[in-house]
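Heads up, the thing below is written out as structure tokens.
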Amino acid sequence: MIAKTRHIKDTKKLIGSLPAVRYVDPKYLYAATTNARCNSFELYIKEGEHVNCCQPIGMRHGPFFDQPIHSPCSGTFVGFEKHYHRNGKLIDFIKIENDFKDTFDKSCFKRTPEEIAKLTKEDITNIVKDCALVGLGGSSFPTYVKFQTQKKIDIILINAIECEPYITADHRLMLEFPNRVIDGIKYAMQAFDCKKAYICIKSKYKDIKTVYEQLLKEHEGSGIELCCVGNYYPQGWEVEMIKNATGIQLNPGELPSNRGIIDFNVSTIVGLYKAIKYNMPVVKRFVTVTGDGINFPKNFRVRVGTSIKDLIPLCEGYKNPDKEKVFILGGPMMGASVPSDDCIITKTVTSIIIFDKMEFKEEPCVRCGSCVLSCPVHLEPVQIMNAVKVADKERIKKLNPLKCIECGLCAYSCTSKIQVTDYIRKAKIFAKL
Amino acid sequence: MTIVKESAPHLRRKASVTRMMVDVLIALAPTLIFSFVVYPIKTLITYVISLAIMIGAEFVYVGLRGIMPKDGQKHSFKERFTYAYKGKYNQNNIITPAISAVIFTLIMPAGAPIYAVIVGAFVGIVFGKLVFGGLGSNIFNPAAVGMVFAKICFGSQYVTYVPTWYYEGTDVVTSATPLGYINNGAYASIGNYDLFDLFFGRIPGALGEVYKITIIIGLIYLLVRRSADFRIVVSYLGTFSILMLVAGLSVMGLGTGINPFMFLLYNLLSGGVLFGAAFMLTDPVTSPINAPSRWIYGIIAAVATVFIRLFAALPEGVGFSILIANMVACVLDHYEWSSSRYTWKKFLTMGLLIVIPALVTFLVIYYGDTFNG
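Residue numbers (my numbering), protein chains in the order written: chain E, 1 to 433; chain S, 1001 to 1373.
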């Protein structure tokens, strides 16, 4: 079929209506020592030492910034263990034995509304930095960097679109903690001293729409509005969202703050709420476990640091265990596949998708042009692929693969089932040479 | 249970090349059946010959590409055969030459001798497709290459009227195909054939491309199934209509009393315009890759068709214009300027590509005699 593809077959309607199962007290919890942005660390505690929930137990060091490590629960530090991280690497995790008491560290305290009203942008930036808040939609970009912008911000956009198929974690968050979302937005508006905020959702989410229309009536005059945008993929991409919500078309590579816009994922906003209200890092989050390789897909509210192995029995185990499985952390279009189910849910894991391995038979490219029509950044994936095949560096550079956002639509729409996105990734390496 | 790694995205759309090709075959089926009914023996012979040659050539080609490298050892025929064909010969190696064979059959004139069919089919598949590397790599439409080659080499041997129950040839000796009337400036005599006859193919011409009714059904099916790009069809037929309307108005201005809209309809329904637009131009392999280029591609093909039809000394305007457009397709795809964005430059190009030929058409028809005299 020669057609522009924007809609992906989905199971969201089914899973999104399931309330999240609380699974917040596993026996052992794990905290990552390194991640994609920080590659070394130091530890403040010794083996056998008791730690409190939210206590800073170490510091990750990266080339651009440092990030404190917080204990996800109260208990005893029992040593290191190797597990798979979200980025597919086997790394050391700090293993903490849960004592189920949930004693909070003294660094956590409740701020009164008067105290909060006095906070300036610098204060909020520091709180966010100390609480190690990062983009929880999956980017894991440190949020305090966003707060450091000197530009005048007019509009805050809340990204609750969740355009990737299968994932419903943000959907449950929106429905189960609407007040936290609204308060978080208010804190962000206070920090940037801006008058307008839009909560962007897909227009097909009727349940969220009903809840927030009701709720926003109570917050009249706050400047928060609900903004229904398109139902297609990749609507959740920053540029596409800004275009549909505000009508502003960003130039490639331009920061939204240049145009007076800043955007946050809805989970990040709830993280911000926790950080400002209770001075707490993110210790719990929503996670969707789904896919055709699992018996009962479910939404979970889990503690950060839970092992995925613990969640599988709660979903009644794997379906067809004799078949090969693909294990994806994140969405099925952009998420990373990990080589084992021995992974840990970090802050930025939105979902665990387990598919039966599908064998796609690759056929020769017939130049149908579906990838070109579907590409949201107006690249020509097939031309880039042909250039990569002959390693023509000049041609690759001219075709500008660095604009690619790796949304995966080219491979998804390919009639010949070619893994086009992989070629584009190779082209990016070529183009950077 | 084993867990395997794969790179994102992990989903694929439900579409396949094979399905797209089968769609083309389904769309061609009504025309082929109509052709069988009208010329049973002639169609059967042409079809079987071209099918055998094209699928056979593809089979031999796969075998030649898979010749074992010499390693000093002796291998049995069976070993060599599996080495060459295992995993490399699949349904696409049968369906795509079959499409070329059906199209070739339907565009061959009913009066073409058998040897022209054989030579045309062979040249079409070998020099139109296989020398470039098979499916997905060919520059030219194989069927068009074969048909044009046969016409150039053996055109004088073609019989103009083949007896059939479907219609009566008025005068076997002098009757030319309807297009012969338009060519050579004999604009006035286009009334010899009824529009109704043209629509149902009650005229001498090619085996299949004259049955407009079944071609339109096939075209609608292809567009609904999205197995053909509507951009090419619309831009080709649209530009063709505009230019033919200009030509019709110019002819009317000469004082011939011809209705320009009848002239346009007549041109749309005669020859291979509809067939070419539906099944040959839209072949994704030989058309450009992005949307703006596809609009330009259709316009270029239409301009070539109109010029060849009105002014050239050669027949087969559609066949030639498709080959010309195929040549331009790779130029349109050059990485220096190819882009899927619509820019004002591209709109300007499209506009100029329509306006200048329209002007030329008008000048040549209206003042042509003045220039000659």
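Note that beta-carbon positions come from the ideal geometry of N, C-alpha and C, so glycine has one too. A quick note: this is a predicted structure, and the numbers were derived from the prediction, not measured.
Beta strand (DSSP E) segment containing residue i, residue limits
| i | result |
| --- | --- |
| E:Val78 | Gly75 to Tyr84 |
| E:Asn265 | Ile261 to Asn265 |
| E:Phe286 | Lys284 to Thr290 |
| E:Tyr23 | Val21 to Tyr23 |
| E:Cys200 | Lys196 to Lys202 |
| E:Met280 | E:Met280 -> no beta strand (DSSP E), and no H or E assigned at all. |
| E:Ser337 | Ala336 to Val338 |
| E:Gly58 | Pro56 to His61 |
| E:Pro68 | Asp66 to His70 |
Buried/exposed call for residue i, threshold 16 Cβ in 10 Å
| i | result |
| --- | --- |
| E:Pro234 | buried |
| S:Arg1341 | exposed |
| S:Gly1351 | exposed |
| E:Phe41 | buried |
| S:His1075 | exposed |
| S:Ser1293 | buried |
| S:Val1331 | exposed |
| S:Tyr1221 | buried |
| E:Thr421 | buried |
| E:Lys277 | buried |
| S:Thr1282 | buried |
| S:Ser1235 | buried |
| E:Met333 | buried |
| S:Val1004 | exposed |
| S:Asn1092 | buried |
| S:Asp1194 | exposed |
| S:Phe1196 | exposed |
| E:Ser337 | buried |
| S:Asn1183 | With a pLDDT of 47 at S:Asn1183, under the threshold of 50, the modelled position of this residue cannot be trusted, and the question is left open. |
| E:Cys315 | buried |
Top-ranked residue by Cα proximity to residue i, from the options
| i | options | result |
| --- | --- | --- |
| E:Glu220 | E:Glu359, E:Ser107, E:Gln55 and E:Lys186 | E:Lys186 |
| E:Ile155 | E:His61, E:Thr34 and E:Phe192 | E:Phe192 |
| S:Ala1302 | S:Ile1242, S:Leu1106, S:Leu1269 and S:Arg1013 | S:Ile1242 |
| E:Met174 | E:Thr5, E:Ile208 and E:Ile158 | E:Ile208 |
| E:Ser74 | E:Phe64, E:Glu97 and E:Asp66 | E:Glu97 |
| S:Ala1278 | S:Gly1298, S:Ile1049, S:Phe1132 and S:Pro1260 | S:Gly1298 |
| E:Lys361 | E:Lys417, E:Glu49, E:Tyr273 and E:Cys228 | E:Lys417 |
| S:Tyr1266 | S:Ala1143, S:Phe1199 and S:Tyr1167 | S:Phe1199 |
| E:Ala271 | E:Leu255, E:Gly137, E:Leu373 and E:Gly230 | Correcting the residue type first, residue 271 of chain E is Gly in the shown sequence and not Ala. The shortest Cα separation from E:Gly271 among E:Leu255, E:Gly137, E:Leu373 and E:Gly230 belongs to E:Gly137. |
| S:Asn1141 | S:Leu1348, S:Val1355, S:Val1318 and S:Phe1347 | S:Val1318 |
| E:Ser222 | E:Met189, E:Gln214, E:Glu240 and E:Glu213 | E:Met189 |
| E:Val377 | E:Asn400, E:Glu363 and E:Lys357 | E:Asn400 |
| S:Ile1099 | S:Thr1018, S:Phe1127 and S:Pro1260 | S:Thr1018 |
| S:Ala1143 | S:Pro1260, S:Asn1326, S:Val1246 and S:Met1252 | S:Asn1326 |
| E:Asn39 | E:Lys9, E:Tyr23, E:Asn87 and E:Glu47 | E:Asn87 |
| E:Met1 | E:Asn244, E:Leu433, E:Leu133 and E:Thr415 | E:Thr415 |
8 Å contact criterion, which residue i and residue j should meet: CB distance rounded
| i | j | result |
| --- | --- | --- |
| E:Cys194 | E:Ala160 | Wrong, their Cβ atoms sit about 18 Å apart, outside the cutoff. |
| S:Ser1321 | S:Ile1232 | With a Cβ gap of about 13 Å, S:Ser1321 and S:Ile1232 do not count as contacting. |
| E:Leu402 | E:Lys426 | About 13 Å; that fails the 8 Å criterion. |
| E:His441 | E:Ala32 | Nothing about residue 441 of chain E can be reported from this structure: the residues present for chain E run from 1 to 433 only. |
| E:Pro364 | S:Leu1135 | 5 Å |
| E:Lys325 | S:Met1001 | 6 Å |
Start and end residues, alpha helix (DSSP H) containing residue i
| i | result |
| --- | --- |
| S:Val1374 | Lying before the first or after the last residue shown, residue 1374 of chain S is absent from chain S, which here runs from 1001 to 1373. |
| E:Lys13 | Lys12 to Gly16 |
| S:Pro1030 | Val1017 to Val1038 |
| S:Asn1093 | Asn1092 to Ile1107 |
| E:Met174 | Ala169 to Glu176 |
| E:Tyr423 | Val420 to Lys432 |
Residue i: CB within 7 Å of a non-hydrogen atom of the ligand GDP
| i | result |
| --- | --- |
| E:Ser71 | Only the bare structure without any ligand can be found here, which leaves the ligand GDP out of the picture. |
Q) In chain order, what residues of the segment 1287-1312 of chain S put their CB closer than 7 Å to some CB of chain E? A) Identification of residues in the segment 1287-1312 of chain S having a C-beta nearer than 7 Å to some C-beta of chain E yields Ile1289, Asn1290 and Ala1291, given in sequence order.
Q: Using a Cβ-Cβ cut-off of less than 9 Å, give me the residues of the segment 1053-1071 of chain S that come near chain E, in sequence order.
A: If the cut-off is 9 Å between Cβ atoms, the segment 1053-1071 of chain S has nothing near chain E.
Q) When you check each C-beta in the segment 1105-1136 of chain S against every C-beta of chain E, which residues fall closer than 7 Å? A) Result list: Leu1135 and Gly1136.
Q | Within 9 Å of chain S by C-beta, residues of the segment 306-340 of chain E in sequence order | A | Answer in chain order: Tyr318, Asn320, Pro321, Asp322, Lys323, Glu324, Lys325, Val326, Phe327, Ile328, Gly330, Gly331, Pro332, Met333, Met334, Gly335, Ala336, Ser337, Val338, Pro339 and Ser340.
Q.
Short of 8 Å Cβ to Cβ, which residues in the segment 1220-1239 of chain S face chain E?
A. Close to chain E, meaning a Cβ-Cβ distance shorter than 8 Å, are the following residues of the segment 1220-1239 of chain S: Arg1225, Arg1226, Ser1227, Ala1228 and Asp1229.
(Q) Output needed in chain order: residues of the segment 361-372 of chain E with a Cβ under 7 Å from some Cβ in chain S. (A) The segment 361-372 of chain E vs chain S, Cβ under 7 Å: Glu363, Pro364, Cys365, Val366, Arg367, Cys368, Gly369 and Val372.
**Q.** Cβ-based contacts, 8 Å cut-off: residues of the segment 371-397 of chain E near chain S
**A.** Flagged, chain order: Val372, Leu373, Cys375, His378, Leu379, Glu380, Val382, Gln383, Ala387 and Arg395.
(Q) For the segment 226-253 of chain E, list every residue whose C-beta sits within 7 Å of some C-beta in chain S, in sequence order. (A) Listed in sequence order: no entries.
Q. Using Cβ-Cβ distances below 7 Å, what residues of the segment 399-413 of chain E are close to chain S?
A. So the list reads Leu399, Gly408, Ala411, Tyr412 and Ser413, given in the order they occur along the chain.
**Q.** Near-chain E residues of the segment 1340-1371 of chain S (beta-carbon distance less than 9 Å), N- to C-terminal order
**A.** Hits within the stretch, in order: Ser1340 and Arg1341.
Q. Listed in chain order, which residues of the segment 1328-1339 of chain S have Cβ atoms closer than 8 Å to some Cβ of chain E?
A. Flagged, chain order: Asp1333, Tyr1335, Glu1336, Ser1338 and Ser1339.
(Q) Along the segment 1084-1095 of chain S, where does the CB come closer than 9 Å to a CB of chain E? Name the residues. (A) So the list reads Asn1090 and Asn1092, given in the order they occur along the chain.
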